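This report refers to the structure that appears directly beneath it.
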Amino acid sequence: MLTYSLEVREALKEKRPLVALESTVIAHGLPYPDNEDVTHAMMRAVRASGATPAVIAVMEGRIHIGLEDAELAHLAKATDVLKLSVADIGYCLAQKRLGATTVSATLKLAHMAGIRIFATGGLGGVHRGAEETYDISADLHALKTFPVGVVASGVKSILDVPKTLEFLETLGVPIVGYAEDAFALFWARGGPALGKAVCDATEAACVLDTHLSLSLGGLLFSNPIPKQSALPKQDIEEAIEKALKNAHAQGITGKAVTPFLLKTMASLTQGKSLAANKALLVHNAHTAGEIAAALGP
Ligand code: PSU
Ligand code: MN
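Take 152 as the starting number for the sequence shown in this note's numbering and just add one per residue.
Next comes the structure, spelled out in structure tokens:
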């Protein structure tokens with residue numbers, strides 16, 4: 152079921168380390184053409200740090216580990232793309248539909264392909280108001296299930312961050328601060344202290360390798376957005392409240408919630424949240440590349 156891109160095939164042959172990249176952020180998280188541009192920038196960042204990028208997606212009944220440029224261009228423009236969590240991969244393959252993988256599905260497929268590290272923007276998590284809606288991302292259980300390290304700027308701050316941290320603690324998923332012992336708040340910096348942090352990629356690779364050897368599932372590296380690209384917490388919080396109100400008023404539920412909130416945030420912040428999102432995605436790809444290079448194939 153696996154189709155490898157040319158670049159990934161060569162990396163496998165030469166035993167060079169791979170970094171998985173998800174595709175929901177391309178199809179549902181960012182507008183065109185920013186989605187295609189930032190994915191190319193992420194792939195360049197992975198290569199610059201000594202690893203090979205593998206964007207994961209489902210196309211025509213096959214699991215793609217790495218996309219050719221034309222396939223990426225197609226995915227970035229397509230409008231009929233399924234948003235795949237682990238629950239949807241089988242359906243998408245059998246129906247030969249075009250599917251973009253969320254963090255949960257990417258974790259599963261990266262593991263199938265033997266990839267141990269993966270970069271994204273922000274993990275999904277416990278939504279605000281989850282005590283009513285039960286809306287908790289499948290990303291959290293998947294991170295417990297599949298032995299892969301994820302480099303992300305924490306969880307998207309449209310979520311309930313304290314509840315998400317509690318949920319990950321209950322599952323037993325470690326969160327390790329990368330170069331800072333404070334949980335990353337997606338567009339902003341300076342969340343709660345984590346009590347676990349690493350200084351650099353070598354330390355991160357050692358922690359990841361050790362954790363994976365214990366068969367305890369995956370691990371989250373919390374990589375804060377670079378200072379020069381971060382947005383002030385307060386400004387962001389006001390926009391989030393507004394975006395959540397809009398979502399509620401328009402009856403947005405289920406898989407549509409996160410894409411709706413990201414889009415609304417981009418317009419409420421006059422594009423500032425989008426610029427920050429792109430910056431953190433490229434930074435996370437670069438960090439994951441360095442960890443992959445230190446980890447080896
Ligand atoms: N990171 C981003 N933008 C995104 C996502 C991550 O910067 O759009 C995606 C990931 O695919 C993640 C998904 O798995 O959002 C979470 O969706 P949900 O809340 O419906 O589980
Ligand atoms: Mn959800």
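Don't be surprised by glycine CBs; every beta carbon is placed ideally from N, CA and C.
Computed from a predicted structure; not experimentally measured.
* To do: For my contact list, V299 and L274 are in at a C-beta cut-off of 8 Å; report their separation, rounded to the angstrom.
  => Contact doesn't hold; Cβ gap of about 12 Å is too wide.
* To do: Could you tell me whether the Cβ atoms of A348 and V327 are closer together than 8 Å?
  => For A348 and V327, yes; Cβs fall inside 8 Å.
* 8 Å Cβ shell around A398 - same chain, five flanking residues per side excluded -> Excluding positions up to five away in sequence, the list reads V408, F411, L412 and T415.
* Given 8 Å, three or more beta-carbon pairs between the region 244-263 and the region 190-200 -> Proximity of the region 244-263 to the region 190-200 falls short of the contact definition, fewer than three beta-carbon pairs being nearer than 8 Å.
* Measuring CB to CB, does P375 end up less than 8 Å from A335? -> Between P375 and A335, the gap from beta carbon to beta carbon is short of 8 Å.
* How about T271 and K234: do their beta carbons lie closer than 8 Å? -> In this structure, T271 lies away from K234, with their beta-carbon atoms at least 8 Å apart.
* To do: Quick one: grab the DSSP three-state call for F411.
  => In the displayed model, F411 falls within a helix according to three-state DSSP.
* At a cut-off of 7 Å, is V176 close to ligand 1 when judged by its beta-carbon and the heavy atoms of the ligand? -> V176 Cβ: within cutoff of ligand 1.
* To do: Count the other CB atoms, across all protein chains shown, that sit within 10 Å of the CB of G405; report buried if there are 16 or more and exposed otherwise.
  => With fewer than 16 other Cβ atoms within 10 Å, it is exposed.
* G184 versus L425: straight-line alpha-carbon distance, rounded -> Note on residue identity: the sequence assigns Pro, not Gly, to residue 184. The alpha-carbon atoms of P184 and L425 are separated by roughly 12 Å.
* Inspect the beta-carbon positions of A205 and L172 and report whether they are closer than 8 Å. => Cβ atoms of A205 and L172: closer than 8 Å.
* Asked: Is I287 helix, strand or coil when you go by DSSP?
  -> Strand.
* **Where the beta strand (DSSP E) containing R340 begins and where it ends** => Note, R340: premise wrong, no beta strand (DSSP E); not H, not E.
* To do: Measure from the alpha carbon of K228 to the alpha carbon of each residue in H179, A196, G241 and Y242, then state which is nearest.
  => In this structure, H179 is the residue among H179, A196, G241 and Y242 with its C-alpha nearest to the C-alpha of K228.
* To do: Would you kindly report the start and end of the unbroken beta strand (DSSP E) that includes H464?
  => Outside the modelled stretch of the chain, which goes from 152 to 448, sits residue 464, for which no answer is possible.
* Could you please give me the residues that DSSP links to Y329 through a beta bridge? => Under DSSP, Y329 forms a beta bridge with V349.
* Per the contact definition of three or more C-beta pairs closer than 8 Å, is the region 296-311 in contact with the region 426-443? -> For the pair of segments examined, the region 426-443 was found to touch the region 296-311: the number of CB pairs separated by less than 8 Å reaches three.
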